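Numbering (full-length UniProt numbering), first residue to last: 1 to 473. Down below is the structure, laid out as structure tokens.
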């Protein structure tokens, strides 16, 4: 029977992939010869047949971009219809702006728009967007598009930028991840009225990160509409407070809430409690909270109880908890596997007290708090009230049964106040590498990605366990 399908044969697909590999090698080689770039490969072919493209500034000559427009066009032309993951971003939150003529940036953005139907993911520095390019043409659909990450300086209005870019996903049924990335110290309110995310197809989203300012009410509104959301981060929450009916979010598994840093540093009222007052999240597994000086323990405990969720990871950063409050919280999360407490030097006493440390220690004379804990992270402020050596003894006591596997002390290795614990833990790791398999003693930026990777692994392992038991395996 004659073939009538327009789908490519396995032979033609193999030829396309071979051709794409050659094209990626050519463009990467040319960029390496000519410039100093951050990525090992400017373009590469993934196992699933998609093309990853990095357009970036030269680290030495910062007013040049690699690859050149001609090289980029050749790559797009020679990779035919393969899906594209395009990264046109900066590597720092506070870059020196390039002095490239607007026409040069417009040329790059035009080339990217030319392949809009092939977009699968787009990571984009907001300053590289050409509104002229968006306005001067009728754009096709982007049916493959799944992810958009928009980054920018703190003072930029990323929601306003998004209103221009949103024409690119007017008909993208696979769109499921959106992120606004900004360093959230020094941000300004958006000029987009009412809902800053009005241009995002919220009902499709599974992953959302918003670093621009959001009121507690706006966060609640987004959660109400984004019914498929599993992973959500609002990192810049401000007042005023919210008045809303209680609602249940059935799919939310991971939630991060952080107070606007200026409100925190200036001791202004905070409003995360408004969200906990109306939200129920029965599927929630990971909860991260930052800079909430207006902490309300009763509201939080009621949220845990009414949600009936089984938290696996709980993270507090600069939240003024005290010993009694932290103890009560930990008693309400018996399945907890990851705990992070990063205190604030302005608080005294700290939440992690000698009494809590004893409760976390595996002894024969009392039940152990958080018996399933496998990962823990403290910073130097959180350990301020702990006698030297007692933390490492607690870790050593938990080497049997369900052992601690991941440890991150967010401090300098040379920290003079914690040398007893640091040296002991290094030795424990050396003696038990198959048990305590990750010990990080480093400051925040260096350790955060390792911690996040391990916590993600914990959640994934639980998900696989549930899936296996559900299938009867």
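Glycine residues also receive a C-beta, built at the ideal position from the N, C-alpha and C atoms. Keep in mind the model is a prediction, meaning the values are calculated, not measured.
| Item | Value |
| --- | --- |
| Proximal residues to residue 387 (C-beta, below 7 Å), its chain only, five neighbours per side dropped | 354 |
| Distance CB(residue 424)-CB(residue 392) smaller than 7 Å | yes |
| Entirely enclosed alpha helix (DSSP H) segments - the segment 413-470, minimum 4 residues | 419-431, 444-470 |
| Range of the contiguous alpha helix (DSSP H) that encloses residue 222 | 216-225 |
| Rounded separation between residue 420 and residue 405 - CA only | 20 Å |
| 3 or more residues per run - each beta strand (DSSP E) lying fully within the segment 114-152 | 119-125, 147-151 |
| Alpha-carbon spacing of residue 87 relative to residue 238, whole angstroms | 31 Å |
| Alpha carbon of residue 20 to alpha carbon of residue 106, nearest angstrom | 26 Å |
| Exposed unless 16 or more other CB atoms sit within 10 angstroms - verdict on residue 458 | buried |
| Local Cβ density within 10 Å of residue 315, reported as buried at 16 or more and exposed below that | buried |
| Nearest candidate by alpha-carbon position, reference residue 430, set 396, 447, 73, 456 | 396 |
| Coarse secondary structure for residue 235, derived from DSSP in three states | strand |
| Contact under 7 Å by Cβ, residue 545 with residue 270 | In the structure as shown, the chain starts at 1 and stops at 473, and residue 545 therefore has no counterpart that could be examined. |
| Under 7 Å between C-beta atoms of residue 84 and residue 43 | no |
| CB-CB length for residue 369 against residue 352, believed under 8 Å | The pair is not a contact, with the Cβ atoms about 12 Å apart (cut-off 8 Å). |
| Burial state of residue 348, where buried means 16 or more other Cβ atoms lie within 10 Å | exposed |
| Within 7 Å, strictly: CB atoms of residue 335 and residue 384 | no |
| Contact the segment 175-190 vs the segment 257-267: 3+ CB pairs below 8 Å | yes |
| Cβ-Cβ distance between residue 230 and residue 209 below 7 Å | no |
| 8 Å CB neighbourhood of residue 282 in its chain, flanking five on each side removed | 248, 250, 307, 308, 309 |
| Three-state secondary structure (DSSP) of residue 86 | strand |
| Whole runs of the alpha helix (DSSP H) within the segment 362-401, excluding any shorter than 4 residues | 390-397 |
| Coarse secondary structure for residue 26, derived from DSSP in three states | helix |
| Sequence-distant residues of the same chain with beta carbon closer than 8 Å to residue 278, five excluded per side | 220, 242, 244, 245, 246, 247 |
| Residue 316: first and last residue of the uninterrupted beta strand (DSSP E) it sits in | 313-317 |
| Simplified DSSP assignment, three categories, for residue 307 | helix |
| C-beta atoms of residue 212 and residue 154 nearer than 7 Å | no |
| Rounded distance between the beta-carbons of residue 71 and residue 27, thought under 8 Å | 5 Å |
| Residue from 141, 152, 376 whose Cα sits closest to the Cα of residue 115 | 141 |
| Per DSSP, the bridge partner or partners of residue 288 | 256, 315 |
| Residue from 135, 139, 147 with nearest C-alpha to residue 122 | 147 |
| Inter-residue Cα distance where the pair is residue 453 and residue 136 | 43 Å |
| C-alpha distance - residue 462 paired with residue 265, whole-angstrom precision | 37 Å |
| Element boundaries [beta strand (DSSP E), containing residue 532] | The shown model of the chain, from 1 to 473, leaves out residue 532, and the question about it has no answer. |
| Beta-bridge partners of residue 179, as assigned by DSSP | 149, 209 |
| Length of the line joining the Cα atoms of residue 268 and residue 291 | 11 Å |
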